Amino acid sequence: MNDTLQPGSLHPPTYGNDADRADSTRPDWVLLDFRAYFADHRNATTAACKTRDGKEIQVTFFPAHRPRVSYFCVHCHGVEPSGFAWEPKVIATCGDFILLRVSIGHHCAMVYPTLNEYYVYRAGGSTGGPPSLELLPHPNPYCFRDVQVGLLSRGTDYTIAALRDDSSGFLRRGSSGFGQYDISLFHSEDKVWTAKDVFVPPEQQQQHCSIEEEGFWHKTSKVITIGGKHGTIAFVDLWNGILLYDVFREDPKLRYVPMPPQLYPSRKPNAAPSITRDIAIVKDRIKLVQVLMKITADKESHGNYYYDSWVAATWSRMANFPQEDSWSQDFKLEASDINGDTIQCIVCC
């Protein structure tokens, strides 16, 4: 077996098989496993198309009611799981549309973006039509990382947007310099990738420059779709701030919204932000959560540390980012605060 594949990827869960039942109720939203399983399973959600090499590839969705996690199974005729560089991955979702990245071939595909294949799966639920699977033209030379891509649903059409930021290095194709980026766009009705230069206005750069980088710096950790009349997509640097891009506007300017302060501002972040922070849209508000572990030195064993406690906090603001709005801390909880009354409060919330 390919060493880059997880053994569990060959063994999908046994639940979610009621998609064919006429009396089964589909959940209105789901928790989704972003890694797909390798299995030749079919149901009413199965859709297929041809790979870049002309082989048939099929994708099947297994919806599950929360708290269970929904998942996908992928099968490519004539290609064993060992023929994949790693598991197919869901890299963006919006409405009925799901963007999948599939890497067939040697595990070197992980470091050569040109070997990736991108597919859009569309569930057939809301439209009444059958599910579909479409192979996209490869974006080369406009390559990007998984965390840099957003998907915007536009009724029966969609738009994919990928921002190449300060972390992109050789993937950058446009202007270089602080606050200078380029964005790739794919509109489903045009069937072609385009790219354009975008920038953060100088006055915003000056307000939010990075001391460590000696200038404005942005490294996308996650992309969320806000939508609205301007088709806004948010490219989130979980440590620093959010770059907002309006798909339906010709304006190349990016709007910048700084993140709320760290729970412990004196601590310099030295780990992947997704370990301690996450962000999502909940009921027309942007919600940010942070959880930090408190580490204490073991006095009896030199050089050893242990987790002593933890603290969690949430912030929110309006999703359309009006200028008069700002982040508000909704909740903060330390492990030492927990008692019977606190637990009852959390359950009620």
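Residue numbers (the UniProt record's numbering): 1 to 349.
Here a beta-carbon is modelled for each residue, glycine too, at the ideal position from N, C-alpha and C.
Owing to the predicted nature of the structure, the values given are computational and were not obtained by experimental measurement.
Annotated three-state conformation of V30 is coil, per DSSP.
For H218, the secondary structure class from DSSP, reduced to helix, strand or coil, is coil.
DSSP places P258 in the uninterrupted beta strand (DSSP E) bounded by 255-258. For L99, the three-state secondary structure derived from DSSP is strand. Linking G95 to F34 through their CA atoms gives a straight-line distance of about 16 Å. Across the structure, T60 and E134 are spaced so that their CA atoms are roughly 13 Å apart. Counting only runs of at least 3 residues, the region 136-160 fully encloses the following beta strand (DSSP E) elements, listed from N- to C-terminal order: 149-154.
CA-to-CA, the gap between Q205 and I104 works out to about 41 Å. Within the DSSP secondary-structure output, K294 pairs in a beta bridge with S309.
Residue pairing by DSSP puts D182 in a beta bridge opposite R164, D197.
A distance of 9 Å or more separates the beta carbons of G231 and N320.
Minimum Cα-Cα distance from D278 among the listed residues Y305, A312, E117, I295 corresponds to A312. Between D308 and the set F38, K55, E334, the nearest pair of CA atoms involves E334. Here R249 has H230 as same chain residues with Cβ atoms under 7 Å from its own Cβ, once five neighbours each way along the sequence are excluded. DSSP places E117 in the strand class (E or B) of the three-state scheme. Per DSSP, the unbroken alpha helix (DSSP H) holding E203 starts and ends at 202-207. Per DSSP, K283 lies in no beta strand (DSSP E) segment and is marked neither H nor E. Secondary structure note for S70: its beta strand (DSSP E) is the uninterrupted segment 69-76. Taking the Cα of L152 as reference, the smallest distance to any Cα among L185, D251, V79 is reached at L185. Two segments are said to touch when three or more pairs of C-beta atoms, one from each, lie closer than 8 Å; by this definition the region 78-94 does not touch the region 61-70. Out of D237, T159, K253, the CA that lies nearest to the CA of V198 is found in K253. Where K191 is concerned, there is no enclosing beta strand (DSSP E), because DSSP gives it neither an H nor an E. One Cα belongs to L32, the other to A48, and the distance between them is close to 20 Å. DSSP places A335 in the helix class (H, G or I) of the three-state scheme. For F61, the enclosing beta strand (DSSP E) begins and ends at 56-62. Between Q180 and L163, the gap from beta carbon to beta carbon reaches 9 Å or more. Separation of A64 and D28 (C-alpha to C-alpha, rounded to the nearest whole angstrom) is 10 Å. Note that the C-beta distance between R52 and H138 is below 9 Å.
The beta carbon of E117 lies closer than 6 Å to those of R52, V102 in the same chain, with the five residues before and after it left out. Exclusion of the five residues before and after G241 leaves H208, H218, Y256, V257, P258, M259 as the residues of its chain whose Cβ lies within less than 8 Å of its Cβ. Put simply, the backbone Cα of R285 is about 12 Å away from that of T314. In its chain, beyond the 5 residues on either side, Y37, A39, C73 have a beta carbon closer than 6 Å to the beta carbon of P12. A direct Cα-Cα distance of roughly 42 Å separates L99 from T296. Of the candidates S132, D166, S188, P141, S188 places its Cα closest to the Cα of D157. Residue pairing of V79 in beta bridges, as defined by DSSP: absent, with no partner found. Shortest Cα-Cα distance from M318 to any of R26, S132, K196, A280 involves A280.
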